[in-house]
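Trainee: Could you have a look at this structure, given as structure tokens, before my questions?
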Amino acid sequence: MLEIEVENLDTHTVLRPQGEIDAYTVAQFRERIGDLALEPRLLIDLGSVPFMDSAGLGALIGGIRRIRDSDGEVVVACGEGALARLLHTTGFDRIVPVAETPEEALVSLLDTDSPEAL
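So the sequence shown is numbered by my numbering: it starts at -17 and just counts up by one.
Spelled out as structure tokens, the structure:
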């Protein structure tokens, strides 16, 4: 089961999925991240996602592309476990800033000089 929380703050929006993002839950995740395509600053907190398969990774990348196509900025926080290794191994962290904690991700997100690579 996947639960997705969205928190709209003054300076940014936080997307917090909780649960596995896989073939069974990817449509829900894809729809929710798509709903945020016009957000100027989005922090995706994957700290409560224990597993993500290739479908989930594809939905994440697709959602980030839509946000960036609308001139939005995105950062990801994911801790240091298996998901962090997946994002590093796939090269995801070369196209999107990835931080260990939401606090570190927020610093990157609010840094107006950060480069956009995707």
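For every residue, glycine included, the Cβ atom is placed at its ideal position computed from N, Cα and C. This structure is a prediction, so every number in the text was calculated from the model and none was measured.
Over the uninterrupted beta strand (DSSP E) stretch that includes E82, give me the two end residues.
Mentor: Mapped onto the sequence shown, residue 82 falls at position 100. Note, E82: premise wrong, no beta strand (DSSP E); not H, not E.
Trainee: Give a yes or no on whether 8 Å exceeds the smallest Cβ distance from L42 to chain D.
Mentor: This model lacks chain D altogether; it includes just one protein chain.
Trainee: Within a Cβ cutoff of 6 Å, which residues of the same chain sit near I15, ignoring the five residues on either side of it in sequence?
Mentor: As a working mapping, residue 15 is identified with position 33 in the sequence shown. Within the same chain, I15 has close Cβ partners G45.
Trainee: In the segment 18 to 91, which residue ranges form an unbroken beta strand (DSSP E) of at least 3 residues, counting only runs that do not cross its ends?
Mentor: Qualifying beta strand (DSSP E) stretches, in chain order: 23 to 27, 55 to 59.
Trainee: Could you give the DSSP three-state label for E2: helix, strand or coil?
Mentor: Counting from one through the sequence shown, the residue named residue 2 turns up at place 20. E2: coil per DSSP, three-state reduction.
Trainee: Does G40 pass the burial test, meaning 16 or more other C-beta atoms within 10 Å, or should it be called exposed?
Mentor: For this step, residue 40 is matched to residue 58 along the sequence shown. Per the 10 Å Cβ criterion, exposed.
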